[in-house]
Every structure is written in structure tokens, then in C-alpha cells.
Amino acid sequence: QVQFVESGGGLVQPGGSLRLSCAASGTIISISTYAMAWYRQAPGKQCELLARISSGGNTVYADSVKGRFTISRVNTNNTVSLQMNSLKPEDTAVYYCNIWGRGCWGQGTQVTVSS
Numbered sequence: 006q007v008q009f010v011e012s013g014g015g016l017v018q019p020g021g022s023l024r025l026s027c028a029a030s031g032t033i034i035s036i037s038t039y040a041m042a043w044y045r046q047a048p049g050k051q052c053e054l055l056a057r058i059s060s061g062g063n064t065v066y067a068d069s070v071k072g073r074f075t076i077s078r079v080n081t082n083n084t085v086s087l088q089m090n091s092l093k094p095e096d097t098a099v100y101y102c103n104i105w106g107r108g109c110w111g112q113g114t115q116v117t118v119s120s
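Numbering (our numbering), first residue to last: 6 to 120.
Written out as C-alpha cells, the structure reads:
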């Protein structure tokens, strides 16, 4: 089963930016035919779908991140990214990249927004 490795998380001050990246690992498949998504899960909270991108590049965002986050993909590199701007303390969570519908599982990358 294909897995994804996320990177780019860290500690950032409120108002700052981070760029998360995700690459397929394990079974080598092309993600080009899959809708991909970014999710996050904060301690004690449910998994939240943040953004998804279709195989053709169409995007949909959760209200909580609309206008601040941008999802993109490079099919030739089997990678998906999430550009996060104007970060808020409530964005603190573990962030996951996955095929759309699979939710919060995998390695994830921690994002902490704090002064």
C-alpha cells in the first residue's frame, strides 16, 4: 500500500509561513490519477480535511484555511505541497498528506504556531 512521507513542519510564530511537502514512498505508483489531500489533527480533536486537489488540479479548501493555504501537486515528481501563510496558533497540529478519503494516518509532520 502506498504511503506518504511529509516534511517541512516546525515551529513558527503567528503570522508566519511554512511549506509542507509530501512524497510517495513504499510501493512505487504514480499519484497522477488520484485526488490528493492534506489533513490535520490537533490533540483531542478530530481529523480535519484542509484541502484537496484533483488529478486535474482543481482545488477545494476548508473554510478554516481558505485564503491562507494553497495546495499544489507535481505529478512528474509524485509530490504534493501545502503552502501555509498567515499561520495562527489554532493551526497547531500534526499534518498529513494522503490520497483523498484516507484521512489522518501515516507519519505526519508537526506544525506548531507559537510566539
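The beta-carbon is built from N, C-alpha and C at its ideal position, and this holds for glycine as well.
The three-state reading of DSSP puts Thr97 in coil, since its state is none of H, G, I, E or B.
For the pair Val79 and Ser30, the Cα-to-Cα distance works out to about 15 Å. By the 16-neighbour rule on beta-carbons within 10 angstroms, Ser119 is exposed. The C-beta of Asp68 has fewer than 16 other C-beta atoms within 10 Å across all chains shown, which makes the residue exposed. The straight-line gap separating the alpha-carbon atoms of Arg24 and Gln112 is approximately 17 Å.
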